[in-house]
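Read the structure below first, then the notes.
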Amino acid sequence: MSAIDWYTARAAGVVAYALLTGGVLLGVLLAGRARLPRWPQFAVTDVHRFVALLTGVFIALHIYALLLDRYVHTSVVTLLVPGASTYRPFWVALGTVAFELLVAVAVSNLFRKRLGHARWRRIHYLTFGVWAAATLHGIGAGTDSHAGWLRLLYVVSISAVAAAVAWRAGSRRLSPSPARAPRGPS
Amino acid sequence: MPEPTRIEQGRKRAAAAKRVVALSAVTGFAVALGLVRLGHPAAGSSSTHGVSGSSSSSSTSSRTGSDDLGGGTIAPSSSSVTPPVASHTS
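Taken in order, these protein sequences are the chains called B and F. Take 549 as the starting number for the first sequence in the working numbering and just add one per residue. Take 27 as the starting number for the second sequence in the working numbering and just add one per residue.
Given below as C-alpha cells:
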C-alpha cells in the first residue's frame, strides 16, 4: 500500500468539487433561461448532464480511494452514516450528507416524468445544499485547504456561484414567471 | 433549411464542449495529484505508507500540514561561551 490512494482521494475530491461547481453554474444558467449566443438550450442541457455525470465519476473515485486508504479507516458505514468517521467527524459528515443528497437528486432525475416538473425542480434545488456541504467538507476535512492553489479554487467557486445566484434572483425579479403573469386577451 | 443546421451546430458545440470538459477534468486530476503530493513532502517520501503502525503518527501529522515543526535541535548549555553583550570593557 502506498500513499497514492490518499493523493488520489484528495485529487479526485478536488476535481469533483470543480465539476460540481461547473454543474451548478450551468444549472443556474439553464434555470434563468440565459440567452447564450450560438448555444441553444438543449446543447447547454446536454453539457450540464455530462458535467453532472463526470462529477459522479470523480466522486466515486474519491470514495473508492478513501476506502483503500489505511489511515482514515473509511468503511462503508462511515461513508453512509454522518458522524461515524473518527477522522474530523463533523467535516466528513458534511461530505456524507452532500453525497447522499446528490444521490437523491440523481434518483429524482430518473423519475423526473413521474414526479412532475414542479416537484422535480424543488428536489433539484437540493444541489445548492450539496454544493454548500461539499464546499465546507473540502475546506474542513481536506488537508490541503491551506494551500494557495486550493484556496484560489474555493474563492473562485464561491464567488462564481454567488454571482450566478444573484443574477438568477435579479432576473427572476425583473421578469415574472409565466404562470403568474397576467394573461392578455387571446 | 436553417432550423436543422442550427440544431446540428448546437450538437457539435455540445460534443466539443463535452470533450473539453472531459479533457480538462483528466488534466485537472493529474495536476491536482501532483499538487497534493507536493503539499505533503514527508508523506510523499515515505514508501511505507500504511504498512507499519509505528509510522502512522508521523504520517498523520504530515497530513495536517501545520503540525510539522521542522527538524529542530537542542543545543547543550555552554556556560564557557561569553555572550557578545558582555564585551563592553573598552
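Just so you know, even glycine gets a beta-carbon here, dropped at the ideal spot from N, CA and C.
Classification of residue i by the beta-carbon crowding that lies within 10 angstroms, buried from 16 upward
| i | result |
| --- | --- |
| Tyr673/B | exposed |
| Asp93/F | Only weak support is given to the placement of Asp93/F: the predicted model assigns it a pLDDT of 40, under 50, and the value that follows is read from those uncertain coordinates. With fewer than 16 Cβ atoms within 10 Å of its Cβ, Asp93/F is classed as exposed. |
| Phe659/B | exposed |
| Leu642/B | buried |
| Gly664/B | exposed |
| Leu586/B | Note that residue 586/B corresponds to Arg in the displayed sequence, not to Leu. Result: exposed. |
| His621/B | exposed |
| Val134/F | The structure shown does not extend to residue 134/F, since chain F is modelled only from 27 to 116, so the question has no answer here. |
| Phe55/F | buried |
| Arg583/B | exposed |
| Ser803/B | Because chain B spans 549 through 734 in this model, residue 803/B falls outside it and cannot be assessed. |
| Arg32/F | exposed |
| Ser707/B | exposed |
| Phe590/B | exposed |
| Val704/B | exposed |
| Ala717/B | exposed |
Whole-angstrom distance between residue j and residue i, CA atom to CA atom
| i | j | result |
| --- | --- | --- |
| Val62/F | Leu698/B | 10 Å |
| Tyr565/B | Leu684/B | 11 Å |
| Ile607/B | Leu601/B | 10 Å |
| Phe598/B | Val563/B | 14 Å |
| Arg670/B | Leu64/F | 42 Å |
| Val46/F | Trp668/B | 29 Å |
| Asp692/B | Glu34/F | 43 Å |
| Val624/B | Ala48/F | 28 Å |
| Ser656/B | Thr675/B | 12 Å |
| Asp553/B | Trp715/B | 40 Å |
| Ser81/F | Ala551/B | Bear in mind that a pLDDT of 38 at Ser81/F, under 50, signals an unreliable position, so the number given afterwards is only what the model happens to contain. Roughly 12 Å separates the two Cα atoms. |
| His596/B | Ala560/B | 19 Å |
| Ala695/B | Lys661/B | 44 Å |
| Leu609/B | Thr556/B | 8 Å |
| Ala652/B | Gly686/B | 20 Å |
| Pro529/B | Leu650/B | Because chain B is modelled from 549 through 734, residue 529/B falls outside the range shown and cannot be assessed. |
| Arg581/B | Glu648/B | 28 Å |
| Leu627/B | Thr644/B | 6 Å |
| Pro637/B | Leu614/B | 15 Å |
| Leu577/B | Val640/B | 30 Å |
Quiz prompt | Complete runs of the beta strand (DSSP E) confined to the stretch 563-598 of chain B [at least 3 residues] | solution = The qualifying runs do not exist here; there are none.
Quiz item: Relative to chain B, which residues along the stretch 47-66 of chain F have a C-beta separation below 7 Å, given in chain order?
Solution: The stretch 47-66 of chain F vs chain B, Cβ under 7 Å: Val47, Ala48, Ala51, Gly54, Phe55, Ala58, Leu59, Leu61, Val62, Arg63, Gly65.
Quiz prompt | Unbroken stretches of the alpha helix (DSSP H), 4 residues or longer, contained in the stretch 630-715 of chain B | solution = List check, alpha helix (DSSP H) in window: 637-658, 660-663, 665-672, 674-689.
Quiz item: Using Cβ-Cβ distances below 8 Å, what residues of the stretch 556-567 of chain B are close to chain F?
Solution: Flagged, chain order: Thr556, Arg558, Ala559, Ala560, Val562, Val563, Ala566, Leu567.
Quiz item: At a Cβ cut of 7 Å, what residues of the stretch 683-704 of chain B count as close to chain F, listed as they run along the chain?
Solution: So the close ones are Thr691, Asp692, His694, Ala695, Trp697.
Quiz prompt | Within the stretch 599-629 of chain B, ranges of the alpha helix (DSSP H) (whole runs, at least 4 residues) | solution = If only complete runs of 4 or more residues are kept, the stretch 599-629 of chain B shows the alpha helix (DSSP H) at 624-628, in order along the chain.
Quiz prompt | Near-chain F residues of the stretch 607-635 of chain B (beta-carbon distance less than 8 Å), N- to C-terminal order | solution = Identification of residues in the stretch 607-635 of chain B having a C-beta nearer than 8 Å to some C-beta of chain F yields Asp617, Arg618, Tyr619, given in sequence order.
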